[in-house]
Amino acid sequence: MVDYHNANNQSSAGGAQIYMEQENDWDRDLLLDPAWEKQQRKTFTAWCNSHLRKSGTQIENIEEDFRDGLKLMLLLEVIAGGRLPKPERGKMRVHRINNVNKALDFIASKGVKLVSIGAEEIVDGNAKMTLGMIWTIILRFAIQDISVDETSAKEGLLLWCQRKTAPYKNVNVQNFHISWKDGLAFNALIHRHRPDLIDYDRLRKDDPVTNLNNAFEVAEKHLDIPKMLDAEDIVNTARPDEKAIMTYVSSFYHAFSGAQKAETAANRICKVLAVNQENELMMEDYEKLASELLEWIRRTVPWLENRTQEKTVNDMQAKQEDFRDYRCVHKPPKVQEKCQLEISFNTLQTKLRLSNRPAFMPSEGRMVSDINGAWLTLEGAEKGYEEWILSEIRRLERLEHLAEKFYQKAAIHESWTDGKEVMLTQKDYETSTLSEVKALLRKHEAFESDLAAHQDRVEQIAAIAQELNELDYYDSASVNARCQKICDQWDTLGAFTQSRKESLERTEKQLESIDELYLEYAKRAAPFNNWMEGAMEDLQDMFIVHNIEEIQGLITAHDQFKSTLAEANKEREAIQSIQAEVRKIAQSNGIKLSAANPYTTITPESIDGKWEKAMAMVPVRDTALQDELNKQNSNDALRAKFATQANTVGAYIQAKMEEIGRISIEMNGTLEDQLTNLREYQKNIMSYMPEINTLEGDHQLIQEALIFDNQYTSYTMEHLRVGWEQLLTTIARTINEVENQILTRDAKGISQEQLHEYRASFNHFDKDHSGALMAEEFKACLISLGYDVENEKQGDSEFTRIMGIVDPNGSGTVTFQAFIDFMSRETTDTDTADQVISSFKILAADKAFITAEELRRELPPDQAEYCIARMAPYLGADAAPGALDYMSFSTALYGESDL
């Protein structure tokens, strides 16, 4: 018999009492119903073989095969996981008794005191004692350790069965005998854990044999639980053997409890991998958005740096319109993308810190600082491009003005030179009278005066052509050809003039009389005529001005010109009086005058005609100058209007920038209240956008009016755009900071009071309200919170460690977000690499490696493939084919080593 009263000193008195009652029940039941002995033989034999097969052996007859003690010792070694003393290999009775005693001693060493069971009974093949010994082993090693809600052994096993089968119809487990006769309870246990193996709804309560055989076959085939019972024996027995049922059910408990541990371990791994996958997706999104933004900047900068010159002002104004379209349509979405990229980067870093992962380092060239640098390059190119466009418009305006002036002067000169070569080469003096020769000589002298007067125009034409070449006029070749033709013709005229003069002077000696009056007329009429032509040319001259002062200067010059008209009119009357005197003398002396003055082609009628024409041009010039003055006054009004609005907007932006700086430091209330207030504040700021749009409209009017300066304000549209973008970005960053604080608080379980305390401590030492603490300020803050960082040796090293956490880039400053992350990390707990390694070890059945098959069996498909793709091969001496190293993979998840 078995005495359980003194079983294990660590077991409770209630447990010992249960064991004693079970032993007495076994003894009494065995005597009352021999059918139970048959059930126990089969069940106990199958139970023993389920363990012995791990060592490559089995038993056929339970009372015979344990008589020599060898398989009994082997069974105990397998189920207990320990080593027994070396068995004796002799076949004598004494050797068998010694082997069985070693087994019984080992059972006793596990806290079970055997009474009335001796080695002799086992060696003699006593079935009752052998079954009792096996039941003792089953109780100790298969049932005793079962624990459910602080109940153990039989009660714990029964409670486990009741809970697992509770949802199933026609199943009511109250004991380990008749509750199992219809087989539904066995099928319910299997279906609860492996619903894919059994179609429970097709089972019938009135077909117990089918139900039992179905459960036994499924358990043996799919769960590796050997068949320990016969369906017919259970059905044909009024009360099935309790110990056989308990032994078989305990096999289900152990099979499914291992699956539960694996499920828990798999859930932990799934959680960790889900966090990693989400973080990697955010990293990929950041890389993609950063690459697209940098690519857009890379494409845009060459366009802004292109300095290909256009031929006309209209072409350059088309470029200016394209640039305005870029400013208003293409760039604003990219500003939003840049802001969103920075927010995404900050949120990702916060999530990585909260999940105890290493900080995200974007690929080379895609850091936030790289993007900011590229953005600065873009804005520099943008500013240079706008300045270049305005400069080119001024240059082209100047070129068009000079070109028109060149062609005007060239046309006047060519008109004047027309026929001059023929005139200078004729031989009319050879057949002329003396008076006619003298007249021809005087006429030639007048021509020389006229020629000298036109020298200035030729020089002006050459100077204009030179300036057009220097300013890179697109049609310089045509200008140069025409200028060269004029200069060549001028040289020819000079040579012909000199030649004719010499001929006339030779003839002059033969001539004696000349009409002085005609000569005087010619001499005075020629310069006066040239003056009138110059005056008409000046009156028709085009002008370009950019401000009131320039147009007023032109008006003053025009007024000065008008003041000389009275004197010029006197000269005209004096010239006309010479011609009148000629007629008077001719009439007085009966001289027959020729139809024209022999000394000049300038007639009194032509002088009067040009004078009238010049006088008609004066009021036209007055009107043009007055119109330009009105235009400049209008431009000045546009400047003043823009300046008034720009000064208001600039002051508003500056005030709001200072205000958001104070708000970020002085925020009160819960984080949700702060976030609500900040978003409302952002909404109020965005309501000011119509003012910005109005200012853009005024700026466009100024540009269309070709106004290039504004003395009424120091603000430019570019400055205001940059300020407005900085204001919106600062508000977005402040909102993001509060969102990250909420994320930190919720993830780490930090209370609102703790956050207020952290904010108060941070603000107290942030003396300059910059939103960041210098190293010494941060050290003082830590001391105020109770950290020992003053010690000369240990304190310095501890402070250096903390600074490495809050300032990994070595900038020398600590932001409030970094401060919150550090304090939350110091006060909360997170998953660790050791926990993940322990979870993988459970899935790998305590092996130092895991296989792809095990990962696919225990984890969801996507996360199993995620692990397989990233785990390195296991290189240990005990490695199996396809073994994977889950330890290095787990540590890499937390940045402790490389994959």
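Counting with our numbering, you get residues 0 to 898 for the letters of the sequence shown.
Think of the CB as a built atom: it goes at the ideal place given N, C-alpha and C, for glycine as much as any other residue.
Take residue i and list the residues in its own chain whose beta-carbon comes closer than 6 angstroms to its own, dropping the five residues that flank it on each side.
| i | result |
| --- | --- |
| residue 172 | 160, 161, 164, 178 and 184 |
| residue 528 | 601 |
| residue 662 | none |
| residue 609 | 531 |
| residue 729 | 659 |
Using the DSSP secondary-structure output, state which residues sit across from residue i in a beta bridge.
| i | result |
| --- | --- |
| residue 813 | 772 |
| residue 884 | 871 |
| residue 850 | 882 |
| residue 599 | Bridge partners of residue 599: none, in fact. |
| residue 799 | DSSP, once it has assigned bridges, lists no residue as partnering residue 799. |
Can you give me the start and stop residues for the alpha helix (DSSP H) that residue i sits inside?
| i | result |
| --- | --- |
| residue 833 | 832 to 842 |
| residue 232 | 230 to 234 |
| residue 394 | 367 to 416 |
| residue 763 | 751 to 764 |
| residue 218 | 207 to 221 |
| residue 692 | 688 to 703 |
| residue 184 | 183 to 192 |
| residue 240 | First-last for residue 240: undefined, no H or E at that position. |
| residue 679 | 670 to 685 |
| residue 542 | Neither: residue 542 is in no alpha helix (DSSP H) and is coded neither H nor E. |
| residue 103 | 92 to 108 |
| residue 128 | 126 to 137 |
| residue 122 | 118 to 122 |
| residue 322 | 312 to 324 |
| residue 876 | Careful: residue 876 lies outside any alpha helix (DSSP H) and carries neither H nor E. |
| residue 79 | 69 to 79 |
Please classify residue i: does DSSP put it in a helix, a strand, or coil?
| i | result |
| --- | --- |
| residue 113 | strand |
| residue 712 | coil |
| residue 588 | Annotation note: pLDDT 48 at residue 588 (below 50); position unreliable, coordinate value reported separately. Helix. |
| residue 44 | helix |
| residue 563 | coil |
| residue 26 | Because residue 26 sits at a pLDDT of 43, beneath the cut-off of 50, its placement in the model cannot be relied upon, and the following sentence gives the value as read from the coordinates. Helix. |
| residue 893 | coil |
| residue 349 | helix |
| residue 743 | helix |
| residue 425 | coil |
| residue 804 | helix |
| residue 609 | helix |
| residue 633 | helix |
| residue 176 | coil |
| residue 84 | coil |
| residue 277 | helix |
| residue 364 | coil |
| residue 227 | coil |
| residue 57 | coil |
| residue 267 | helix |
| residue 342 | helix |
| residue 307 | coil |
Got a sec: is the Cβ-Cβ distance from residue i to anything in chain B below 8 angstroms?
| i | result |
| --- | --- |
| residue 365 | Structure shown: chain B not included; a single protein chain is present. |
Using 8 angstroms for Cβ pairs, my map puts residue i next to residue j. What's the rounded Cβ distance?
| i | j | result |
| --- | --- | --- |
| residue 289 | residue 340 | 6 angstroms |
| residue 65 | residue 71 | 5 angstroms |
| residue 175 | residue 248 | 7 angstroms |
| residue 835 | residue 274 | Rounded, the Cβ-Cβ distance is 11 angstroms, inconsistent with contact. |
| residue 524 | residue 411 | Not confirmed; about 19 angstroms, so no contact. |
| residue 648 | residue 684 | 12 angstroms between Cβ atoms; not a contact. |
| residue 855 | residue 863 | 5 angstroms |
Note down, in chain order, each residue of its chain lying with its Cβ closer than 7 angstroms to the Cβ of residue i, except the 5 sequence neighbours on either side.
| i | result |
| --- | --- |
| residue 802 | 774 |
| residue 764 | 772, 776, 779 and 780 |
| residue 224 | 218, 250, 251 and 254 |
| residue 499 | 423 and 443 |
| residue 908 | The requested residue 908 does not occur in the structure, where the chain is confined to residues 0 to 898. |
| residue 704 | 634 and 637 |
Excluding sequence positions up to five away, which residues of its chain have a Cβ less than 8 angstroms from the Cβ of residue i?
| i | result |
| --- | --- |
| residue 742 | 346, 349, 350 and 353 |
| residue 459 | 408 |
| residue 37 | 232 |
| residue 203 | 209 and 210 |
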